[in-house]
Amino acid sequence: MQDTRKSIEATLLYREQPEIGFVALLERLNAALARLDLRFTSGPLIGEDFVVFNHPDMHVVVTVNRAPMQADRLWRALAAPITRMKRHDYAAAVNAHTRHVQIKVADGAHYGSTDTSVGQVPAATKMRVLHRAVLAALELERADAVFMTQSDMIFMPEEVEATAGMDFPAPLTIHPVSFEARDKSGTGLRIEGSELFCTRPLVIAPGPLPLPVAISVAEHLVARCASQPGFLCDRSMIPFSETLNLTIAHHAARMDDPLGRVEIAFTPVFTPEFVTRDELASDLPDSAELQDALRKHHRSERLRSYALCAALAVVMPVPAAALFVWNLLRGPNLGVTAAAFALALAYLTGSEVLEIVPGIEVAGLEVNQVFAKR
């Protein structure tokens with residue numbers, strides 16, 4: 022991952038020499054930036070294969086290169102686990118390209134400027150400019166693939182075009198790296214590249230949601246940080262669904278974690294009425310795939326909650342009946358049900374049995390782990 026605090030870059034890969042008119046590119050870029058109240062002008066630095074667009078605070082450099090891009094950068098992107106999960110044939114585009122166009126957005130009114138009196142433009146602003154410049158270039162000459170430098174990720178043109186309606190293109194800016202929980206209970210994500218927009222890298226703690234949904238959550242949070250700095254306050258809580266909250270914890274830099282991190286954990290909602298449907302609708306990403314995954318998650322939670330009640334009824338019918346009625350009236354809550362089940366089991370059998378059976382599993386849930394966390 023490159024240090025891109027002063028410049029944001031993208032590279033478009035082409036099989037043949039692209040015909041990108043710089044005048045048309047500038048017109049399209051300014052049209053796209055009108056909503057942001059930004060406008061660039063064409064300065065004196067212009068040639069057959071390069072141009073510099075100027076703004077009082079930053080500049081855009083577009084370079085048409087008559088050779089392939091440096092291979093090692095591309096192969097690292099191709100080897101990314103998240104890239105290999107997708108169905109696109111990125112390798113074919115990389116192998117076939119013979120030309121590339123580099124677009125860079127950097128601080129300073131002019132190319133090579135050393136004037137720091139204006140200050141550094143926020144990375145989120147430069148990313149918005151780069152995003153619109155890439156879309157404008159794709160309209161003029163559609164590329165075979167797009168490499169985003171700051172995320173070390175490669176995308177098909179349709180993936181980039183799918184972000185055209187976004188104020189901030191979070192899916193293009195991050196590099197999710199999965200890791201498994203120490204107790205093998207789930208998979209988490211370290212969101213590389215998010216430190217440019219969220220101060221520190223985001224880490225999605227292992228939780229109950231599928232990996233694609235966790236990535237969507239990360240994208241949503243990065244986009245919010247880009248538009249609202251300080252959105253992820255330490256020790257804050259964000260309503261996520263009817264049964265889950267997102268809890269935020271900031272961790273300072275350490276020797277083994279030089280950038281520190283902002284850890285996002287999924288925690289049960291113990292009082293479901295605390296979260297209203299209006300709050301949920303306003304804060305969740307507008308994604309049909311995410312909403313479908315959440316519906317499946319809630320259905321799974323209901324089934325597992327009632328399964329725990331049934332399992333408890335075998336040995337403690339009265340508490341099980343009370344727990345079942347509570348779930349029926351208040352809505353199934355897996356966190357509360359699992360905690361109650363673990364407490365009842367501990368009361369019945371004593372701590373010695375829990376030590377003998379450390380991995381008891383009911384309805385796909387390791388009870389001793391839930392009990393230890395509560």
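One rule links them: number in the working numbering = place in the sequence shown (from 1) + 21. Note that the Cβ used here is the ideal one computed from N, Cα and C, for glycine as well.
- By the 16-neighbour rule on beta-carbons within 10 angstroms, E213 is buried.
- For E201, the enclosing beta strand (DSSP E) starts and ends at 196-201.
- With respect to A247, M148 sits close: the two C-beta atoms are nearer than 9 Å.
- Unbroken beta strand (DSSP E) runs of no fewer than 3 residues, entirely contained in the stretch 207-247, are found at 208-213, 223-225, following chain order.
- The stretch 48-63 and the stretch 143-157 touch, with three or more beta-carbon pairs separated by less than 8 Å.
- Inclusion of V238 and I285 in the CB contact set at 9 Å is warranted, their separation being smaller than that value.
- A straight-line Cα-Cα distance of about 15 Å links M258 and V224.
- The C-beta separation of A31 from M187 comes to about 15 Å, leaving the pair out of contact by the 8 Å criterion.
- Within the DSSP bridge table, the entry for R282 names H272 as partners.
- Judged by DSSP secondary structure, R120 falls within the beta strand (DSSP E) whose first and last residues are 120-128.
- Residues of the same chain with a CB within less than 6 Å of the CB of I103, apart from the 5 flanking positions on each side, are P197 in chain order.
- Distances from the CA of A98 to each of A157, P190, P192, S172 were compared; the closest alpha carbon is that of S172.
- Inclusion of D128 and S63 in the CB contact set at 9 Å is not warranted, their separation being larger than that value.
- Looking at the DSSP output, Y35 sits in a beta bridge with R120.
- Checking the DSSP bridge columns, you'll see T288 partnered with N266.
- By DSSP's assignment, F74 forms a beta bridge with S63, V81.
- Under the three-pair Cβ rule at 8 Å, the stretch 42-52 counts as touching the stretch 60-80.
- Per the C-alpha coordinates, the member of D93, A113, L66, I124 positioned closest to V83 is I124.
- The DSSP assignment places complete beta strand (DSSP E) segments of no fewer than 3 residues inside the stretch 142-170 at 166-169, in order along the chain.
- Counting other Cβ atoms within 10 Å of its Cβ, F218 reaches 16 or more and is therefore classed as buried.
- Contact between R153 and L50 holds, with the beta-carbon distance rounding to 6 Å and staying under 8 Å.
- For M90, the number of other beta carbons within 10 angstroms of its own is at least 16, and it is reported as buried.
- Comparing C-alpha distances from R94 to each of P250, D278, P39, V115 shows the shortest one belongs to V115.
- Here E30 carries a strand assignment [DSSP, helix/strand/coil].
- Using a 10 angstroms sphere on the CB of F287, the tally of other CB atoms reaches 16 or more, which defines it as buried.
- Between A202 and the set E180, Y132, G228, the nearest pair of CA atoms involves G228.
- For the 9 Å CB-CB criterion, L159 and E182 form a contact.
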